[in-house]
Structures are given as C-alpha cells and as structure tokens.
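Below is one structure, written out as structure tokens; the observations come after it.
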Amino acid sequence: MEKLKEKLITANIFNTELMKSFALQALYLFGGFIFGGISFAGGLSPFGTGFIAGVPFTYLISASVGAAGGYALFFGLLDSLRFIAAVFVICLLRLGLEQKAEGKTLLSAGLSALIVSFISSLGVSLALGESAIFIIMCLSESLISCAFACFTVRAVTVPEKLRTGLHINTADTLAAVFFAAAVLLGGDRFGIFGFSLSRITAFFAIMLFAVMKKGTASALAGICCALALGFNEDRPEAMTAYLISGLSSGLLSLHGKIPVAASIVLSSLLAVILRGQADTAMISISEAVISALLFAAVPKKALLSLIKTVTPENSTAENNAAVFALKRSAKAVRDIASSVEAVTAFLGKSTDKTKEKLSLTVKEELCSTCPKYEFCWINNEALTKKAFAEAENKVRENERLLYDDIPERITLLCKSPARLGEAFSRAYSMHIAELLALNEINDAKKTAAKSFLCAGDLIEDAIKTLDSPDKRDTETEELLSPFFEKKGFSLHGLHAAVNSCGKKAFQLYAGNVPLISDMNTLLEEIYELTGTLYLPPVVDEYSKEGTVLSFTEEGEYSVEYHTASHTGAGEKYSGDTAKCFYDGTGYFYAVLSDGMGSGGRAAVDSVMTCILLSRLMRAGFSPEAALGTVNCALLLKSGEETLSTLDIMRFDINSGKAEFFKAGAAFSVIKKRDKTLIVEKSSMPLGILTDTLFEKSEIELSAGDTVMIISDGAAVIPPTMYKEILTVNKTAAPKKLAEAAVEKALALSPIGKHDDITVTCIRIRKS
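Residues in the sequence shown are numbered from 239 upward in steps of one, following the numbering used here.
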C-alpha cells in the first residue's frame, strides 16, 4: 500500500511538473510570436532577435519558432527568410559565446543579438543596394536588439527573485518595465471591434498595481504604457491618458477599487478634452470604460490571485520575519555571552596539572639525593616499591603518614624515616589541592559546554518558530500597515499569520513607537478595521533600535490572576519573585521563583531567575530551552553558590492545555470542578547541577478551574487545607483566595520565624 501511495505521489508530481513545463513553453512561444511581429523602420525586428538571444536555453526552440511565425505572418514568408536565418545563427552563436564566456549569460546574449542583427541587416542592404541611411537604420536595429536581449535576460529572472525573496535592483526593475512596454507594443495590433486589447490591458495593469496599494508602481506603469502605446500610434491623447491615469490611480490607491476605476475613465476623458482627436476620442474613452468595468467586476480575491500568478508571492515578508526572530534570539543569547567569556578567561589562566602518584613525588624529593638510592631503587626496586605502596595506602587512609604507620622495611633501611613520613603527608596535601582545583576547572568546563548547548537549544527553538505551519495573512498586513503608519509608528515590518487553531496574530516591528494613551481605544480601532478582537500587545525589543509589539487574537479562554506575598520575618527584601504575562502567541505564563534563604541575597537570585526566564519565553523560546539557559546563568553568575527554585505554568488560551514545570519548587494546587488535584514533583533547584533537572506535568483546564502556585513559605499549609480553602471560597475572586492563603500561612508559621510567603492564584474563564 505504501509503495502504491509513493508511486501515486511521484506520478502526481511528474504530471504537475510536466504541465508547468508545457505552460512555460507555450508562454515563450507566444512571446516570440508577439515580439517577432513588432516592426521597426518598415521591416526590421530588433525585439524578436533580442528576445531569442535573451531567453533561457530550455525555451530557445519555442521562442524561435514563435518569433519566426510572428514575423512571417505580418511581413510575408519571403521577407521572413532573413529573419529566420538570423534566428538560426543567433542560436548557434549564443551557444558558442556562452561556453567561451563561462556562463556569462548577459554578455553572450547581448553580443549574439548585436553581431547577428547587424551582419544580417548589412548583408541585405548591400545586396539590395540600399542607401547609407538604411545602413544606419540597420545599425540602430542591432543596438536595440542588443539592449532588448539584455533586458530579456534580466526580466525573465524577476519572477524567480520575487518568489525566493532575493533582492531586485534598479537594473532588474528597468528591465521589467521596458520588457512590459515591449509586450504592450507587440500586442497593440490585436483587437476586437476596433478596440485594442493591448490598450485595455494597459489600463487594467495600471489599476491592478493601484489596488494592491502600490501607488508608485501604478504611476510607473502609466508612464510605461504611455511610452509604449502613445508614441507607437502617434496618438497624443492616448499618451496623456496613460500618464494621468497612472498618477491619479496611484494617489487614490488607498481608497479601494471603485475610486481607482473611476479615475481611469476620468483621466481618459480629460486627456481627450486636452489633446484628443475627433476620430479617436470615442475609441479611447470606450477602451477606458471597458477596462474600468472589467476591473470593478472582478472580485478582490481574484485580483490577488492574478497578481500571485503573474508575479509569484514575494517571500520578503517571511524573510523579514525570520530576520527579526533571529535578532530577538541573538539578543537573548547575548545574556549568557558575558558568562561564557568569563569562563573562557578563567580557563585560560588555569593550569591543568597531571595527577602524580605520591610515591613518585617522594622518590624525586628525597631518594634522588640519598646515598642508598642505588641499593633501594636499583638493586631492590621491587621491595622498595612495595614498601612505598604500603606507605601511600596508609596516607590515603589517614590523610597523613604518622611515624608508627611507616612500613618496617623503610624504618630499617631509610636514613631519615621521619622526613620520609613528612614528605608523604606533604605530597598528599598537595595532591588533594590539585584534585580540588581540577574538579573546579572540570565543573567550569562542563558549565561552559552546557552554555553552548543551551545556545543551540535556543536557536533550534527559533527555527521551529520559523518553520511553523502558520499561514501568512496578507490581507491583515495590507489593512494594518497603513493604519499604524498613520498612527505615527516607524514601521520596519509587519507580519501577520493564522495559526493551526484558526486564530490570528501579528507582530509589528517599529523603530519609533508613539505613546499609546488608551490601549482599549487602539484595540477597538483595530477591531473595526479587521473584524478581529486582539488582546493587549506584548512589547519587547528585537534590537537596540527596534521594538516589537506582538498582538494575538482573543482565545477561547481568558485568565484572571492575582499574586499576594509577605516578606520573611526581619527581612527588608523578599526572596520570592512572581510574574504573570501573555507571550503574544496564544500562551499565558505564570512564573514563581524562590531564592534559597531570605533577604537581599535570595532576592537577587530569584529576581535574576524570574526576569531572565520571562524574557526568554516572551521572545518565543520554550520553557525547556529557557530553563537550561537560566540554569547556566546561575552557575556562572559568581563563584559562590547560587540556588533558586522555579515554578512555571504555561496555559494555551485556545486549547485549554496547561503545562507545569518544576525545579525544586513547592507543590501546586488545582481546583477542577469538584476535584482538587496536587501537582507535586521532586527535583533539584536551579544552580546546583550543570544538567537541568525539572519535572513536567500536563492537564486540561476549562472555564471555572482555579490554580494556586506557591513558594516554600506558603507550603506550611498542608494540601488538605488548601483543598478546604478552595472549596469554601470556590466563587471568590483570585485576589481574595491568594490573600487568604498568605494569611493562613502566616498563622501556621512560627512567630517571628516565618519564611517569605508568595501565592499566585489563577482563574480560567470563558472568553
């Protein structure tokens, strides 16, 4: 079954690629036909030869056949022999030049068109005895052919650059503009009932650019059409109409389809009044009306699809989102960079000495200068080594070698047995000191290595964010970008998407964020514009110069929370720190950190743990990756012991799934309908081991459920009493529940000896 499925998938891919290839071959065939029929000075065709010289090799035959057919249709079969011969020579010459020029397509295309066009034109002119003026015209044809070949090479690469998000420079833009003008020029000979399809298409293209809110592009399109069609037919009113319509539709591009379509008709009417000729006035106005009616009748979604078909969707916005996300990732990783540098400097100053046996140390210190060295270490080496091994075992057992513990053989033969005992004791002390130093260095190495692993975890999290299945929401981007610009935001980018739950979210990246006096009013204005109700934004920095505001659609659930706390007895600062926040992507977080002990030192540890962890998770990193990073930061913060427990709750406001992460933290209490659950896991606090150890639990929550996260000081209340508090006060607000728990913990603690007490109470509600 799997093999059959694979064959079907392969066949489907093959058929899709085959159809795509066939469509492109047909497109280049038609392009050759259009350009081959464009005349210059009565019979020359620089656009046809230039197009053939510039197309990719894959489509060279199709373009050549189309160009030859177009030339023969409009100029006759006999007159087309020179053109067909020129086309054949261009194909051969371009192939040779491509190999000589080592793949420089632009150079080979231009030279092929220039050489063949000029030689063929010159040969015909000499054979027919044409005048010198005609020879000059042939030279002009060759130069135009060369230029158009270069334009073709660049123009055909623009759609691929748009699709992949590559930079499009000025030369690419000019090439595309002139290429489009040539297409219009070639299509001007086709029409129905006296109306030019090319002119109608030109008006439609101007409006299409305008409705996509590309005012500048619309104006340029009007200029392009004016140059291509106005000069070609010697109709000043047509040229004026395109110029005015391009500029006016560009100005009205923010007001929708109808004003843009109306501007086209009015522009044509104005052009006829100013420069029109009686015999062509009605035709010009009628063509403008037809194009405006067609444009107004086409739904906007169909227009968007048409734009994506003609020019594949620009991935610049996704690339920008990737860049901004990686910038935020880099900024978060910099928080541990200084710690890693400190460890590297420490390792550079440290010396990793090789562990030496005690016997060898004593032998080198005392025996090497003793008169009996030859007797002991050469003649009786085995017996001496055995005696030294016994002495080494004794010193390892007792941490020193007393005179009574010296082996009998040494006391009988050694000249100074007491000095030898002292040497063994001294060597052992030095050995222990070296071991301790080596252990510290190894711990530092492990911590440094763990830091780099944590950095890798952070980057992997960033990649997961970029590779998410969220669907880009271009409609929201188009609505909100001008809205925020009018509000005074200096936009660097705006990326909107719809997640797998069907919920909308967008990130706004700006260099200048104006003061927002009333956030509710801003959210109401966004709702009126988009029809989507968003939560207040999460504000963060993605670079020194930039701020990101993350808006997410209101989920299925909302959260009401409150934190109550009481500082430990006799202390000025609390060693507990709690934070609750939305991350801007549909998650609510509750974080509680308890620094070991109480007072200022514990406060520093808990604040550092809580703030750094919150920053990482708000930047889009998972709790797992963030916990590893914070653990490394605590290990590297100072040479003294730094310990902190950590309790995290992550709640998905769309699905109702809650995850609990505990590192040495106290139990948590969950009131779920008529049941009371205790989340209690054993694990080490952060800042002890290089390997991050934490316990994870999952549970589905629904509207009306209550969660209480507590510090060690509040754990004096037994779980059964928490059940009683939540049962008796089941309808009470989170503020009242949290304060009641703190008061109960104070009452149960020894008088004057209570620890820091913190309780965060969270109530789940239906949005």
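Glycine residues also receive a C-beta, built at the ideal position from the N, C-alpha and C atoms.
This one's a predicted model, so the numbers in the text were calculated from it and none came from an experiment.
- Residue nearest to T712 within the set K724, H730, P720 and A734 is A734 (criterion: CA-CA distance).
- In the three-state DSSP reduction, S803 falls in the strand class (E or B).
- Counting other Cβ atoms within 10 Å of its Cβ, E938 stays below 16 and is therefore classed as exposed.
- Between L640 and the set A625, A627 and F662, the nearest pair of CA atoms involves F662.
- Only residues of its own chain outside the window of five on either side were considered, and among them V776, D778, F819 and D821 have a CB closer than 7 Å to the CB of R856, listed in chain order.
- According to the DSSP secondary-structure assignment, L651 is paired through a beta bridge with no residue.
- Annotation: T296 to I528 spans about 38 Å, alpha carbon to alpha carbon.
- Secondary structure at D843: helix, using DSSP grouped into helix, strand and coil.
- With fewer than 16 other Cβ atoms inside 10 Å of its own Cβ, A985 counts as exposed.
- Here the C-alpha atom of K909 lies approximately 19 Å from the C-alpha atom of V954.
- Assignment of Y266 by DSSP, reduced to helix, strand and coil, places it in the helix class.
- Rounded to the nearest whole angstrom, the CA to CA distance from E918 to P957 is 10 Å.
- For K934, the enclosing beta strand (DSSP E) starts and ends at E933 to E938.
- Between A941 and I995, the C-beta spacing is not below 8 Å.
- The continuous alpha helix (DSSP H) containing K982 extends over residues P972 to L986.
- Contact between the stretch 794 to 812 and the stretch 996 to 1003 is established, with three or more Cβ pairs separated by less than 8 Å.
- When DSSP reads this structure, V777 sits in a beta bridge with L787.
- Inclusion of L604 and R657 in the CB contact set at 8 Å is warranted, their separation being smaller than that value.
- The residue from G726, L732, K724 and F721 with its alpha-carbon nearest to that of R710 is L732.
- Between the alpha carbons of T883 and T805 lies a distance of about 17 Å.
- Put simply, the stretch 760 to 771 does not touch the stretch 850 to 864. Fewer than three CB pairs are less than 8 Å apart.
- For I886, the enclosing beta strand (DSSP E) covers residues S882 to D890.
- Per DSSP, reduced to three states, the secondary structure at S259 is helical.
- In the three-state reduction of the DSSP assignment, L746 falls in the strand class, which pools E and B.
- Distance from the CA atom of E525 to the CA atom of V536, rounded to whole angstroms, is 17 Å.
- By the criterion of a C-beta distance shorter than 6 Å, S935 is surrounded in its chain by F898 and V917, once the five residues flanking it on both sides are discounted.
- The continuous beta strand (DSSP E) containing M946 extends over residues T944 to I948.
- Within the stretch 598 to 654, complete alpha helix (DSSP H) segments of at least 4 residues are found at 619 to 636 and 646 to 651, given in chain order.
- Taking a contact as a CB-CB distance under 8 Å, the pair I290 and V325 counts as one, their CB atoms being some 6 Å apart.
- Look at K909 here: in three-state DSSP terms it is strand.
- Straight-line spacing of the CA atoms in L787 and D756 works out to 15 Å.
- In the three-state scheme derived from DSSP, where H, G and I count as helix and E and B as strand, K991 is classed as coil.
- Between F744 and T785, the C-beta spacing is not below 8 Å.
- In the three-state reduction of the DSSP assignment, I955 falls in the coil class.
- DSSP lists no beta-bridge partner residue for A857.
- Approximately 6 Å separates the beta-carbon atoms of G793 and G824; this is inside 8 Å, confirming the contact.
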